[in-house]
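Chemist: Right, I'll just put the structure down here and ask away after.
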Amino acid sequence: MNRFTDSFTINGITMTAQPICRQDEVLTPDALAFIAKLHRATAERRQELLQARRARRADIAAGQDPRFLRETEHIRNDPSWRVAPPAPGLEDRRVEITGPVDKKMTINALNSGAKVWLADMEDSSTPTWRNVIKGQLNLTDALERRIDFTTDEGKEYKLKPAGELPTIVVRPRGWHLPEKHMLIDGEPIAGGIVDFGLFFFHNARRLLAQGKGPYFYLPKIENHLEARLWNDIFILAQDLLGIPQGTIRATVLIETITAAFEMEEILYELRDHASGLNAGRWDYIFSIIKNFRTRGPRFVMPDRGQVTMTAPFMRSYTEQLVRACHRRGAMAIGGMAAAVPNRKDPEANANALEKVRADKTREANDGFDGSWVAHPDLVPICRDVFDSVLGERPNQLAKLREDVTPDDRALIDVASLHGTITEQGIRNNIEVGIRYIESWLRGNGAVAIHNLMEDAATAEISRSQLWQWIYARAITDHGEIVSHEWVEDLLDEEFARLERFDGDRFEDARDIFEEVTLARDFPSFLTLPAYARYLTEAREKATVEELAAA
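Numbered by my numbering, the letters in the sequence shown go through residues 577 to 1126 in order.
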């Protein structure tokens, strides 16, 4: 007896979600057969790699600091190898806009004047079944130029001419996230394979016909073996569709602390498909906290707002990233400018935009080839900064940064960052964490909070900092110990201040926030329990294996 009353099976894949309009355009029998082949070829290795993550974290928790790998020293020391040359549409990446693949954002991003749009199916997109399928439809509709629409208020959304549109680079979900609405032999398919596979199957030839190709951002990778798995998926996918090897290009987000020790190795594994690395700052900070959270004062950070890109360990990370990329002919893409322009407060707006300009100027001068923005109004600032440094050149690949010396100790020199933990910092983490999760539960993963566009990484930093401060019995600038009881009291106060509305999900958001912040065990990602409990038909708890191994 099937426990899913509305489920149906096509080509070995059981669909358990309530069907949505037009999903048969995405979930064609041939597309599902393609997904099934990718899954069956890689499911066992994916589970082994997730288990390896757990073992690596245990080693770090036991006091073993990560170092550059001895077994891959020959790759780092071989000066001869290079990644593939820039693919069509990826030669100039001076400004990239990021955002979820809903219809409005799709049109706004494509009309923004950016060189690249990171079409995000990951941290700024809640993985509801509707969002997963609608995102695929919106991307195909955009490529076919049939996505225009008019709102009920009469506002028109219409694409600019094809020659003015940016290159699309799709970010699928990370290896840890399952797609529980698509099962093979009762087991969920990896969300990343669903996102990658459906987009590639339906659009690879369409993109080639338009003079570009299927390009991807790869999130949450923790080591070069995880990059190797993606590379093997690319090879298999291209073979199955009869598309030339090397057509796919991937940019890897270096947003985990362990990946920072293997940047050249990651490029090497993907070298025929690699196009660059990105400095994904918020997730990177979250990863440091997650891995070193029980290691004592040496790894305790101050308030989130004080952990800037000028911190010594963050400077080391970004400079070593540029060096690694340019040494191998790959693009180095800078981090996010998250400011959301506030037209009601000109002074605050001017200050925020000046900070964005300073941030992008630092990146351009460091040798980055481009950078990210979250809002179309920031595209001109980022473009102006990189125009002034690049001139007529499309990138800075020739800037080799030979002045930078690889230094694995500097990457985890958190203690060199001087700052304070404040009561306001604790309150801010509580407020932002709960407000983000509430929006996520309603299906919106890109949330403007305090004039910043936040995604899941912000909530992850917020809750992990609180967990670590409680565990370490950290002391605030006023000499108060951050205790479990005190944070509970502040949570009650901040929750009472939240502005409620009909249909809000604040009660559920609080439950999730408390579970991932105040419990003794530390779930690797807050999205795992939130997804399992609130976004799937089964309304189940995430398994112990899922929470621990991701």
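C-beta atoms are modelled at their ideal positions from N, C-alpha and C, and glycine is treated no differently.
Only a predicted model underlies this, so the values are computations on that prediction, with no experimental measurement involved.
Quick test of your reading: Met912 and Thr702, contact by CB under 8 angstroms. State the CB separation rounded to the nearest angstrom.
Modeler: Rounded, the Cβ-Cβ distance is 19 angstroms, inconsistent with contact.
Chemist: Determine the direct distance from the alpha carbon of Ile865 to that of Pro873, and round the result to whole angstroms.
Modeler: The alpha-carbon atoms of Pro873 and Ile865 are separated by roughly 12 angstroms.
Chemist: Trp657 to Arg904, Cα distance in whole Å?
Modeler: Rounded to the nearest angstrom, the two C-alpha atoms are 7 angstroms apart.
Chemist: If we count the other Cβ atoms within 10 Å of its Cβ and call it buried at 16 or more, is Ile589 buried or exposed?
Modeler: When all chains shown are included, Ile589 counts as buried.
Chemist: On the CB-based measure, 16 or more other CB atoms within 10 Å of its CB, does Asn927 come out buried or exposed?
Modeler: Asn927 should be labelled exposed.
Chemist: Is Asn714 near Lys679, with beta carbons less than 8 angstroms apart?
Modeler: Yes.
Chemist: Tell me which same chain residues have a C-beta within less than 8 angstroms of the C-beta of Asp724, skipping the five on either side of it?
Modeler: Excluding residues within five positions, the ones whose Cβ falls inside 8 angstroms are Ile683, Glu732, Tyr733, Lys734 and Leu735.
Chemist: Can you check which of these residues, Asp1031, Ile833, Gly762 and Asn854, is closest to Val745 by C-alpha distance?
Modeler: Here the closest residue by C-alpha is Asn854.
Chemist: Quickly, what does DSSP pair Asn653 with across the bridge? List them, please.
Modeler: DSSP lists no partner for Asn653.
Chemist: Strictly by DSSP, which residues pair up with Glu602?
Modeler: Glu is not the amino acid found at residue 602; the sequence shown has Val there. Partner(s): none; Val602 has no beta bridge.
Chemist: Are the CB atoms of Ala914 and Ala887 within a distance shorter than 8 angstroms?
Modeler: The answer is no: Cβ separation not under 8 angstroms.
Chemist: For Trp1016, I'd like the list of residues in its chain whose CB is within less than 6 angstroms of its CB, leaving aside the five on either flank, ordered along the chain.
Modeler: Within the same chain, Trp1016 has close Cβ partners Thr702.
Chemist: To the nearest angstrom, report how far apart Gly1055 and Leu843 are at their CA atoms.
Modeler: Approximately 46 angstroms between the Cα atoms of the pair.
Chemist: Can you list the alpha helix (DSSP H) stretches of 4 or more residues lying completely in the stretch 774-862, in chain order?
Modeler: Counting only runs of 4 or more, we get 800-817 and 839-845.
Chemist: Between Thr704, Pro661, Gly730 and Leu783, which lies nearest to Ala718 when the distance is taken from Cα to Cα?
Modeler: With distances taken between Cα atoms, Ala718 lies closest to Leu783.
Chemist: Rounding to the nearest angstrom, what Cα-Cα distance links Met907 and Ala803 in this structure?
Modeler: C-alpha separation (whole angstroms): 17 angstroms.
Chemist: Which residue's Cα is closest to the Cα of Phe1082: Ile1013, Thr894, Glu755 and Phe868?
Modeler: Taking only the C-alpha atoms, the option nearest Phe1082 is Ile1013.
Chemist: Determine the burial state of Asn578: buried for a count of at least 16 other Cβ atoms within 10 Å of its Cβ, exposed for fewer.
Modeler: Confidence at Asn578 is low in this model, with a pLDDT of 43, below 50, so its placement is unreliable and no value can be given for it.
Chemist: Can the beta-carbon of Glu1075 be found closer than 8 angstroms to that of Glu1007?
Modeler: No, the Cβ-Cβ distance between Glu1075 and Glu1007 is not below 8 angstroms.
Chemist: Using a 10 Å radius around the Cβ and a threshold of 16 neighbouring Cβ atoms, would you call Phe1101 buried or exposed?
Modeler: Result: buried.
Chemist: Give the secondary structure of Lys1152 by DSSP, where H, G and I count as helix, E and B as strand, and everything else as coil.
Modeler: There is simply no residue 1152 to check, as the chain begins at 577 and stops at 1126 in what is shown.
Chemist: Could you tell me whether the stretch 924-940 touches the stretch 648-656, using the rule of 3 or more Cβ pairs below 8 angstroms?
Modeler: Flag = no, the stretch 924-940 and the stretch 648-656 do not touch.
Chemist: What does the alpha-carbon distance come out to for the pair Arg899 and Leu686?
Modeler: Computed Cα separation, rounded: 31 angstroms.
Chemist: Please report how far the alpha carbon of Arg880 lies from the alpha carbon of Gln821, in whole angstroms.
Modeler: Cα-Cα distance, rounded: 43 angstroms.
Chemist: With Phe584 as the anchor, note down where its beta strand (DSSP E) starts and where it stops.
Modeler: Its beta strand (DSSP E) spans residues Phe584 to Ile586.
Chemist: Under the assumption that Val659 contacts Ala850 (Cβ atoms under 8 angstroms), give the Cβ distance between them as a whole number of angstroms.
Modeler: Right, their Cβ atoms sit about 4 angstroms apart.
Chemist: If the criterion is Cβ atoms closer than 8 angstroms, does the pair Ala738 and Glu755 meet it?
Modeler: No, they are not a contact pair.
Chemist: Express the C-alpha separation of Val990 and Gln786 in angstroms, rounding to a whole number.
Modeler: Their Cα atoms are separated by approximately 46 angstroms.
Chemist: So, for Ala1085: in the same chain, excluding its five sequence neighbours on each side, which residues have a beta-carbon less than 7 angstroms away from its beta-carbon?
Modeler: Closer than 7 angstroms at the Cβ level, and outside the excluded window around Ala1085, lie Ile1010, Ile1013, Glu1014 and Leu1017.
Chemist: Hey, His1150 and Lys796: beta-carbon distance below 8 angstroms or not?
Modeler: Residue 1150 lies beyond the residue range present for the chain, which begins at 577 and ends at 1126; the question has no answer from this structure.
Chemist: Taking the alpha carbon of Val965 as the point to measure from, which residue in Arg646, Leu603, Gly762 and Val671 has its own alpha carbon closest?
Modeler: Here the closest residue by C-alpha is Val671.
Chemist: Looking at the structure shown, is Thr998 part of a helix, part of a strand, or coil, going by DSSP?
Modeler: Note: Thr998 maps to coil in three-state DSSP.
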